[in-house]
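S.K.: Numbering (our numbering), first residue to last: 1 to 357. For each residue, glycine too, the CB sits at the ideal point set by N, CA and C. Keep in mind that this is a model prediction, so the values were computed, not measured.
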Amino acid sequence: MDFSLFFIVLTLLGLGLISLFSASAIYAANKGMDSLFYVKRQALWMLIGLGLTAVIARVDLEKIREFIKPAVILTAILLLVTLFMPPVAHVKRWIPLGLMKLQMSEFTKIVLVLYLADFFDRNLSHIASDTRQLLKPLGAMAVMLILIALEPDLGTPSLIFGAALMMFFAAGVKLRFIFIPIAAMIPVFILELFRHPYRLARLKAFMSPWDNAAGTGYQLVQSLLAVGSGGWLGKGLGASQLKLYIPEPYTDFIFPVIAEEIGFIGSMFIVLLFLALLIKGVRIARNAPSFYTTLTALGLTLMIVLQAFFNLAMATGLIPTKGIPLPFFSYGGSSILTTMIAIGIILNISAHRNQAG
Numbered sequence: 001m002d003f004s005l006f007f008i009v010l011t012l013l014g015l016g017l018i019s020l021f022s023a024s025a026i027y028a029a030n031k032g033m034d035s036l037f038y039v040k041r042q043a044l045w046m047l048i049g050l051g052l053t054a055v056i057a058r059v060d061l062e063k064i065r066e067f068i069k070p071a072v073i074l075t076a077i078l079l080l081v082t083l084f085m086p087p088v089a090h091v092k093r094w095i096p097l098g099l100m101k102l103q104m105s106e107f108t109k110i111v112l113v114l115y116l117a118d119f120f121d122r123n124l125s126h127i128a129s130d131t132r133q134l135l136k137p138l139g140a141m142a143v144m145l146i147l148i149a150l151e152p153d154l155g156t157p158s159l160i161f162g163a164a165l166m167m168f169f170a171a172g173v174k175l176r177f178i179f180i181p182i183a184a185m186i187p188v189f190i191l192e193l194f195r196h197p198y199r200l201a202r203l204k205a206f207m208s209p210w211d212n213a214a215g216t217g218y219q220l221v222q223s224l225l226a227v228g229s230g231g232w233l234g235k236g237l238g239a240s241q242l243k244l245y246i247p248e249p250y251t252d253f254i255f256p257v258i259a260e261e262i263g264f265i266g267s268m269f270i271v272l273l274f275l276a277l278l279i280k281g282v283r284i285a286r287n288a289p290s291f292y293t294t295l296t297a298l299g300l301t302l303m304i305v306l307q308a309f310f311n312l313a314m315a316t317g318l319i320p321t322k323g324i325p326l327p328f329f330s331y332g333g334s335s336i337l338t339t340m341i342a343i344g345i346i347l348n349i350s351a352h353r354n355q356a357g
């Protein structure tokens with residue numbers, strides 16, 4: 001097993017827990033809860049996630065291939081069930097399970113990566129002679145992404161769509177066939193943008209957040225102020241002031257709190273950790289024992305790192321704000337469990353790399 005990758009993951013988990021405490025303690029206390037409420041729950045999910053990582057790192061990935069198609073069907077059914085759940089903050093993204101709220105869009109990432117890797121491994125030679133074979137993976141993708149978009153959520157489908165197309169490219173699909181789904185998504189994206197007025201408001205706030213700093217641009221403005229006020233070295237752990245003004249700073253907008261407290265240098269260290277994870281994941285994919293495991297390692301690595309990039313870009317005003325958590329840092333059971341399952345699969349593949357060559 002690639003222990004250097006495991007060390008990177010442990011470092012990110014440790015930094016994530018420290019950052020979560022700083023971002024959530026005052027918020028929890030103001031809500032009348034224990035100041036460690038969110039930290040304790042996140043620590044529990046991290047421990048469960050590490051347990052899953054240990055188990056999955058020893059599973060025979062070839063034996064689970066027969067369960068991939070049933071998993072795709074089950075995922076689509078649960079995504080449909082999600083749409084009939086009680087709304088939380090005007091969206092339907094979770095299935096309540098008592099101790100946790102299951103966010104199926106998170107687990108969809110892993111299922112889709114496994115499905116695409118399995119499909120291309122079995123059908124790559126057929127695709128060369130019959131490009132209609134691509135309709136199968138594109139159809140599976142479309143069903144899942146549409147169901148997630150109906151929650152409503154455009155951020156997660158955009159992330160999954162981007163990582164999936166990179167897998168298409170890595171599998172050897174010609175660029176002209178990759179541009180077709182991209183062209184098909186453009187009118188859908190425009191339609192979804194105009195169908196919900198708040199999305200247009202977000203886009204306008206992204207273009208000029210300071211024009212309505214007390215309204216639609218409020219969250220982005222507070223985020224930019226927090227990132228900028230951190231300077232080179234930051235104000236120190238726990239010393240963020242703008243976390244008092246960022247709505248729910250322990251979730252999607254946890255990075256501005258981190259940047260304010262540990263500054264540019266500390267923030268760049270976190271960015272470098274994600275870059276190291278990307279490099280490690282790509283190397284593991286290149287040295288994987290089969291085409292199936294190559295695409296699996298690459299797809300899961302891209303899902304994690306692209307999600308981190310989307311979150312950091314959102315927090316720094318490079319892209320419009322979306323509900324995308326920062327892996328290892330943002331509070332959420334489904335997010336941390338999904339990430340650790342993905343890490344377990346990548347570590348599993350890295351262990352078999354040495355046996356293969």
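Taking just the CA atoms, how far does Glu261 sit from Gly250?
M.R.: Sequence inspection shows Tyr at residue 250; the Gly mentioned does not correspond to that position. Those two C-alpha atoms are separated by around 14 Å.
S.K.: Taking only runs of the alpha helix (DSSP H) that begin and end inside the region 5-70, which ones reach a length of at least 4 residues, in chain order?
M.R.: Listed in chain order, they are 37-56.
S.K.: Can you list, in chain order, the stretches of the alpha helix (DSSP H) that have 4 or more residues and sit fully within the region 233-272?
M.R.: Runs found: none.
S.K.: What separation, rounded to the nearest whole angstrom, lies between the Cα atoms of Gly263 and Thr11?
M.R.: Approximately 18 Å between the Cα atoms of the pair.
S.K.: Per DSSP, what kind of secondary structure is Leu154 in: helix, strand or coil?
M.R.: Three-state DSSP puts Leu154 in coil, outside helix and strand.
S.K.: Pop quiz: Glu151 and Val91 are said to be a contact at Cβ under 8 Å. What is the actual Cβ separation, rounded to whole angstroms?
M.R.: With 8 Å as the limit, Glu151 and Val91 qualify as a contact, their Cβ atoms being about 6 Å apart.
S.K.: Would you call the CB atoms of Ile270 and Leu44 closer than 8 Å?
M.R.: Cβ atoms of Ile270 and Leu44: not closer than 8 Å.
S.K.: Going by beta carbon distance, what residues of the same chain come within less than 8 Å of Leu244, once the five residues before and after it are set aside?
M.R.: Closer than 8 Å at the Cβ level, and outside the excluded window around Leu244, lie Ile26.
S.K.: For the alpha helix (DSSP H) that contains Arg199, what are its first and last residues?
M.R.: Looking at the DSSP string, the run of the alpha helix (DSSP H) that includes Arg199 is 197-207.
S.K.: Tell me, please, which residues DSSP counts as bridged to Pro96.
M.R.: Partner(s): Lys101.
S.K.: Alpha carbon to alpha carbon, how far is Phe107 from Thr338? Give it in angstroms, no decimals.
M.R.: Roughly 6 Å between the two C-alpha positions.
S.K.: Roughly how many angstroms lie between the CA atoms of Ala205 and Ala184, to the nearest whole one?
M.R.: Ala205 and Ala184: Cα-Cα distance of roughly 26 Å.
S.K.: In chain order, what residues of the same chain lie with their CB nearer than 6 Å to the CB of Gln103, ignoring the 5 residues before and after it?
M.R.: Contacts found: Arg93, Trp94, Ser334.
S.K.: Are the beta-carbon atoms of Ser229 and Asp153 separated by less than 8 Å?
M.R.: Going by C-beta atoms, Ser229 is not nearer than 8 Å to Asp153.
S.K.: For Asn311, collect the residues of the same chain with a Cβ closer than 7 Å to its Cβ; drop the 5 residues on either side in sequence, then sort them by chain order.
M.R.: Cβ neighbours of Asn311 beyond the five flanking positions: Asp252, Phe255, Ile324, Pro325, Leu326.
S.K.: In terms of residue numbering, what span does the alpha helix (DSSP H) encompassing Lys136 cover?
M.R.: 135-149 is the span of the alpha helix (DSSP H), which, as asked, contains Lys136.
S.K.: What would DSSP say about Val111, mapped onto helix, strand or coil?
M.R.: Three-state DSSP puts Val111 in a helix.
S.K.: Run through DSSP, which three-state label would Val173 get?
M.R.: In this structure, Val173 counts as coil in the three-state DSSP scheme.
S.K.: Tell whether a beta-carbon distance below 8 Å holds between Leu114 and Asn348.
M.R.: No, these two residues do not count as a Cβ contact at 8 Å.
S.K.: Need the endpoints of the alpha helix (DSSP H) that Ala226 sits in, please.
M.R.: Its alpha helix (DSSP H) spans residues 218-229.
S.K.: Do you know offhand how far Ala76's Cα is from Thr156's?
M.R.: Between Ala76 and Thr156, the C-alpha separation is close to 15 Å.
S.K.: Return yes when the Cβ of Arg202 is within less than 8 Å of the Cβ of Pro320, no when it is not.
M.R.: A contact, by the Cβ cut-off of 8 Å.
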